[in-house]
Amino acid sequence: MKGQAVRSVPLPKLIFEKSRKGRVGCNVPVADTPEVDLKAALGQVREELHLPEVSELEVLRHFTILSHVNYGIETGFYPLGSCTMKYNPKINERTAALPGFSMLHPMQPASMIPGAMEILLGVQDMLKEITGFDYITLQPVAGAHGEMTCLMLIRAYHESRGEGKQRHTILVPDSAHGTNPASAARCGYDVKSIPTDADGNTDLKALEAALDDSIAGLMLTNPSTLGLFEPNITKICEMVHKAGGMVFCDGANMNAMVGTTRPGDHGFDCMHLNLHKTFSTPHGGGGPGCGAIGIKSHLEPFLPVPIVQRVDGKPSLDWHRPHSIGRVSPYYGQFLMEVRAYTYLRAYGKEKMHEISHYAVLNANYIKARLKDVLPAAYDRPCMHECVLTAEKYKKQHGVRALDISKRLIDYGFHPPTNYFPLIVPEAMMIEPTETECKETLDAFCDAMIEICTEAVNDPDLLHNAPTSQIVGRLDETKAVKELDVRWRTKREGVKV
Amino acid sequence: MPYIPHTVEDRQEMLATIGARSIDELFREIPDDLKIAPQSLNIPSALDESKLLAHLTQISRKNVDLTRVVSFLGAGAYDRFIPATVNAVISRGEFLTAYTPYQPEFSQGYLQSIYEFQSMIAELYGMDVANASMYDGATSLAEAAILAHGVTGRKKIYVSEAVHPHYRQVLDTYCWSMDLDVVQMPTEGGYTKIGELEDAACILIQYPNFFGSIEDLAAARKAATDSGAMFIVCADPVAMALITPPGEFGADIVVGEGQQLGVPMGLGGPYVGLFACKSEFVRRIPGRIVGRTTDHDGREGFVMTLRTREQDIRREKATSNICTNEALMALACTVYLEAMGKNGLKQVAETSVRNTQYTMKALTQAGAKLKYPNAKVFDEFVVELPKDASEVRDKLIDKGFLAGLPLGPYYKDQANCLLVAVTENRSKEQIDAFASALKEVIR
Chain F
1 MKGQAVRSVP LPKLIFEKSR KGRVGCNVPV ADTPEVDLKA ALGQVREELH LPEVSELEVL
61 RHFTILSHVN YGIETGFYPL GSCTMKYNPK INERTAALPG FSMLHPMQPA SMIPGAMEIL
121 LGVQDMLKEI TGFDYITLQP VAGAHGEMTC LMLIRAYHES RGEGKQRHTI LVPDSAHGTN
181 PASAARCGYD VKSIPTDADG NTDLKALEAA LDDSIAGLML TNPSTLGLFE PNITKICEMV
241 HKAGGMVFCD GANMNAMVGT TRPGDHGFDC MHLNLHKTFS TPHGGGGPGC GAIGIKSHLE
301 PFLPVPIVQR VDGKPSLDWH RPHSIGRVSP YYGQFLMEVR AYTYLRAYGK EKMHEISHYA
361 VLNANYIKAR LKDVLPAAYD RPCMHECVLT AEKYKKQHGV RALDISKRLI DYGFHPPTNY
421 FPLIVPEAMM IEPTETECKE TLDAFCDAMI EICTEAVNDP DLLHNAPTSQ IVGRLDETKA
481 VKELDVRWRT KREGVKV
Chain X
498 MPYIPHTVED RQEMLATIGA RSIDELFREI PDDLKIAPQS LNIPSALDES KLLAHLTQIS
558 RKNVDLTRVV SFLGAGAYDR FIPATVNAVI SRGEFLTAYT PYQPEFSQGY LQSIYEFQSM
618 IAELYGMDVA NASMYDGATS LAEAAILAHG VTGRKKIYVS EAVHPHYRQV LDTYCWSMDL
678 DVVQMPTEGG YTKIGELEDA ACILIQYPNF FGSIEDLAAA RKAATDSGAM FIVCADPVAM
738 ALITPPGEFG ADIVVGEGQQ LGVPMGLGGP YVGLFACKSE FVRRIPGRIV GRTTDHDGRE
798 GFVMTLRTRE QDIRREKATS NICTNEALMA LACTVYLEAM GKNGLKQVAE TSVRNTQYTM
858 KALTQAGAKL KYPNAKVFDE FVVELPKDAS EVRDKLIDKG FLAGLPLGPY YKDQANCLLV
918 AVTENRSKEQ IDAFASALKE VIR
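Listed in order, the protein sequences are those of chains F and X. The letter at position 183 of the first sequence is residue 183 when you use this note's numbering, and the numbering goes up by one with no holes. The letter at position 201 of the second sequence is residue 698 when you use this note's numbering, and the numbering goes up by one with no holes.
Spelled out as structure tokens, the structure:
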């Protein structure tokens with residue numbers, strides 16, 4: 001039976017509990033310049049500093065033990081919807097570690113970094129072509145940061161036309177990622193929700209009714225978070241434009257479109273990309289993200305500075321942009337992530353780029369087809385790169401929720417899908433396999449899901465109590481909030497608690 | 498298909514299960530006029546792995562990186578020693594390729610390391626709590642200002658002109674979009690001069706500041722308190738090993754850039770923002786926080802907590818739009834701080850101070866003048882040269898030195914000023930050679 005502990009690992013302790021006075025965990029540089037009186041040089045010297053004191057080997061063992069109780073794509077299948085957990089090629093890590101990239105200082109004069117400019121321009125050029133937009137900037141450092149930057153451009157655009165104050169509302173479909181309304185609020189906008197119709201598309205009547213001269217724009221995810229392509233996309237963009245608004249494309253789902261269709265051709269004015277999703281830079285446990293944005297030429301005057309461009313074939317930086325919104329991050333964005341994305345884009349190239357979307361969509365439809373009898377799709381249409389299934393019948397008939405199915409999957413050695421999102425699907429399970437998974441893995445996953453659905457009927461508590469295979473079971477989140485413990489304090493050393 | 502495993506048979510079997518004849522059929526909901534033909538993109542051809550490495554290596558060699566010049570450039574990013582353990586840990590696939598730890602049972606390793614990170618950042622800054630990281634120092638500072646606006650309801654953000662100029666530019670952008678006003682505070686003798694504060698949401702001070710001077714935080718705290726403003730400090734985490742942390746002066750929020758703690762310079766990213774505050778503001782903190790709790794059997798474990806502040810739950814009412822943070826870089830900082838520990842970090846800081854004091858003497862003897870002779874500094878200082886600092890910098894590059902940052906582009910009347918940083922990675926020999934080269938150039 002599944003659910004037994006599969007390995008015996010040493011239980012991790014906090015590093016602070018391993019600390020012994022006097023130990024150092026690395027071979028620290030030794031000064032060969034004359035000694036100085038610290039008090040005289042600094043005017044003050046700190047007395048207390050409670051950092052752990054452990055040996056180098058202890059540090060490594062500490063993290064090796066911790067890594068054994070953590071799950072990554074290299075550990076197993078990670079069908080997390082909306083997150084595009086594809087293979088992160090090792091060659092990307094190798095190129096990003098080249099000293100000619102990793103040892104560059106962000107304030108070095110541009111004349112010293114023509115190779116870096118070539119990378120930035122190369123990524124910009126390829127993304128421009130893949131997305132169909134006129135300009136790309138790589139300055140945003142994460143997806144939500146890219147969304148926010150696009151909204152700032154929209155705001156600057158309306159301000160330039162004297163409509164900044166009047167256009168104070170951003171429309172966001174009810175299926176959208178939480179970052180959309182949060183980013184709109186961060187740009188000072190009011191947020192209005194637009195419903196989804198019975199087929200899973202944007203409700204055009206509701207949209208029409210919402211459009212007036214107070215609308216700054218619409219944020220639309222395409223394919224939607226339901227994994228469905230919005231067939232009315234061109235019309236939607238026309239409607240918003242007619243009302244004087246701009247349309248932003250949330251590019252979280254670009255993996256479904258690479259080499260097959262281009263959002264810039266759909267009528268969007270701007271979009272963000274998550275290079276850490278579509279273009280394989282590693283998620284790193286929740287970051288770094290990397291959030292390029294694409295825009296149409298009417299938003300170009302407002303782009304953040306500096307602009308990395310080619311003048312007479314040579315790379316240069318343009319700082320003199322009177323209408324620019326300014327900087328959104330301190331340097332050039334996530335440069336070493338751009339190196340990884342560049343490496344990835346060049347590995348696929350012109351010949352193979354479309355295979356990303358082709359196989360991502362094939363894999364998602366395959367899972368949807370294999371699970372249709374146990375977990376039906378929320379909308380019975382061909383899905384794109386992810387499928388959104390509903391576990392509603394298990395909740396109604398057996399008191400088993402999507403979360404329970406997900407937790408049980410952990411006992412089978414798979415990372416759970418995204419649950420309860422999008423918000424409009426009851427007991428949602430959002431599954432995104434990506435193109436880099438082979439048929440055997442998808443079959444093993446589907447077999448596990450089918451078996452778990454049988455368990456849900458026959459032995460619901462098996463799911464309620466899952467997982468039982470890990471070093472902890474379900475954790476008490478209420479207690480975590482009520483008895484907030486977010487840092488370690490040494491009682492031994494008498495630090496204030 | 499470099500990373501796609503499907504065989505022809507796989508594809509046929511899968512299509513048969515789906516009930517489709519071709520992959521194209523799966524795309525039938527996309528209107529035809531919006532589709533493009535495969536292989537029609539105007540991008541370069543695919544490269545195999547061997548050619549890819551050769552290609553990228555060749556591009557990387559066009560750059561003059563810091564293995565090829567001796568660097569005295571700091572200004573927010575520092576050439577510091579990174580123990581080999583850092584990369585050994587952060588390149589492990591279990592960490593590198595993990596998602597945000599939303600499934601705690603499968604993510605205890607990462608969650609515990611974040612808890613340790615929060616603990617050490619709070620300790621370094623002398624604050625109650627720290628979050629799981631922000632994008633970088635600049636956006637962390639901007640988020641702190643917005644938090645202060647939320648707490649005080651006031652719209653004026655007072656920032657010292659001795660805060661990193663790029664950070665101030667990011668702050669300006671964020672504040673413009675939130676309809677907040679940024680008011681700049683001048684400096685005198687290399688220190689911030691806090692004048693009248695009118696309806697201030699907060700004051701923002703860098704510590705040590707952009708010119709290297711260790712600001713008087715007690716005076717700044719008093720000025721903030723007197724005007725009902727929040728007191729926000731952007732602090733250098735390595736300096737914290739030797740100087741009194743902002744928490745001891747009663748700072749409300751302390752932010753900073755974590756690059757110095759084990760993250761490569763990488764032309765400015767990915768870096769990692771640090772964010773710490775007093776516990777009374779913990780429910781307003783942007784981004785993720787990890788807490789310790791127990792499972793149903795009483796076993797201790799870690800979860801992301803205070804989740805109702807975050808965008809995926811709270812949507813437009815969230816404390817920030819931040820979703821992805823810089824977890825991997827925060828892990829690098831965690832490994833770095835644990836490998837260094839108390840003694841190692843103190844040695845790094847002390848070595849930097851010794852090297853800096855020595856460089857100040859050497860450059861003065863070479864004909865440069867200290868711009869702020871009375872300032873107390875940690876590892877960075879400003880010299881005034883008899884010539885334009887950009888010209889001097891450029892000439893020194895040819896001699897194998899990256900001399901520092903010319904301040905002319907950022908501060909008027911400082912065209913001859915150069916900001917010089919000296920880390921523990923510099924040696925006496927390098928400093929002597931640098932001073933001689935400078936002497937020749939400014940002669």
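Think of the CB as a built atom: it goes at the ideal place given N, C-alpha and C, for glycine as much as any other residue. Given the structure is predicted, the values throughout are model-derived calculations rather than measurements.
- From the beta-carbon of residue 67 of chain F, the residues of chain X found nearer than 7 Å are 589, 591, 592, 606.
- At a cut-off of 7 Å between beta carbons, residue 631 of chain X makes no contact with chain F.
- Contact annotation: in the region 737-756 of chain X, residues whose CB is within less than 8 Å of a CB in chain F are 737, 738, 739, 740, 741, 742.
- Listed along chain F are 59, 63, each with a C-beta nearer than 8 Å to that of residue 832 of chain X.
- Neighbours of residue 35 of chain F across chain X, judged by C-beta separation under 8 Å: 851.
- Against residue 323 of chain F, chain X offers no close residue; the least beta-carbon distance is about 12 Å (beta-carbon pairs closer than 9 Å).
- At a cut-off of 7 Å between C-beta atoms, residue 15 of chain F counts as an interface residue with respect to chain X.
- Close partners of residue 802 of chain X in chain F (Cβ separation under 8 Å): 477, 480, 481, 484, 486.
- Spanning the alpha carbons of residue 851 of chain X and residue 36 of chain F requires a straight line of approximately 6 Å.
- Approximately 19 Å separates the beta-carbon atoms of residue 767 of chain X and residue 733 of chain X; this is outside 8 Å, ruling out the contact.
- Annotation note: the region 361-432 of chain F contains the following uninterrupted alpha helix (DSSP H) runs of length 4 or greater, listed N- to C-terminal: 392-398, 402-411.
- Judged by DSSP secondary structure, residue 607 of chain X falls outside any beta strand (DSSP E) and instead within the alpha helix (DSSP H) spanning 605-622.
- Assignment of alpha helix (DSSP H) within the region 527-596 of chain X, counting only whole runs of 4 or more residues, yields 546-557, 581-587, 590-593 in chain order.
- Taking residue 369 of chain F as reference, the option from F:443, F:76, F:291 with the minimal CA-CA separation is F:443.
- A direct Cα-Cα distance of roughly 7 Å separates residue 784 of chain X from residue 817 of chain X.
- Not a single CB atom of chain X sits nearer than 7 Å to the CB of residue 201 of chain F.
- For the pair residue 672 of chain X and residue 906 of chain X, the Cα-to-Cα distance works out to about 23 Å.
- Here the alpha carbon of residue 715 of chain X sits roughly 12 Å from the alpha carbon of residue 729 of chain X.
- Following the DSSP letters along the chain, one finds residue 21 of chain F in no alpha helix (DSSP H), marked with neither H nor E.
- If only uninterrupted beta strand (DSSP E) runs of at least 3 residues are considered, those enclosed by the region 224-279 of chain F are 246-251, 270-273.
- At a cut-off of 7 Å between beta carbons, residue 229 of chain F contacts chain X.
- Taking C-beta separations shorter than 8 Å and ignoring five residues to either side along the sequence, the partners of residue 821 of chain X in its chain run 597, following chain order.
- Under DSSP, residue 70 of chain F forms a beta bridge with X:604.
- In the three-state reduction of the DSSP assignment, residue 927 of chain X falls in the helix class.
- Think of a sphere of 9 Å around the beta carbon of residue 88 of chain F: the chain X residues whose beta carbon falls inside it are 590, 593, 594, in chain order.
- For residue 809 of chain X, the enclosing alpha helix (DSSP H) stretches over residues 808-811.
- Taking each of X:579, X:595, X:574 in turn and checking the Cα distance to residue 75 of chain F, the smallest one comes out for X:595.
- Buried is the label assigned to residue 512 of chain X, since at least 16 other Cβ atoms lie within 10 Å of its Cβ.
- Interface flag for residue 28 of chain F against chain X is set, since a Cβ pair is found closer than 7 Å.
- Taking a C-beta distance under 7 Å as the contact criterion, residue 104 of chain F and residue 96 of chain F do not qualify as a contact pair.
- Per DSSP, residue 917 of chain X lies in no alpha helix (DSSP H) segment; the continuous beta strand (DSSP E) that holds it begins and ends at 914-918.
- Taking a Cβ-Cβ cut-off of 9 Å, the neighbours of residue 536 of chain X in chain F comprise 259, 350, 351, 352, 353, 354, given in sequence order.
- The beta carbon of residue 742 of chain X sits closer than 8 Å to the beta carbons of 621, 622, 623, 624, 732, 751 from its chain, once the five residues preceding and following it are set aside; these are given in chain order.
- Fewer than three beta-carbon pairs drawn from the region 880-898 of chain X and the region 61-79 of chain F are found closer than 8 Å, and the two stretches are therefore not classed as touching.
- For residue 670 of chain X, the secondary structure class from DSSP, reduced to helix, strand or coil, is helix.
- When 8 Å is used as the limit between beta carbons, residue 615 of chain X is near these residues of chain F: 486, 487, in chain order.
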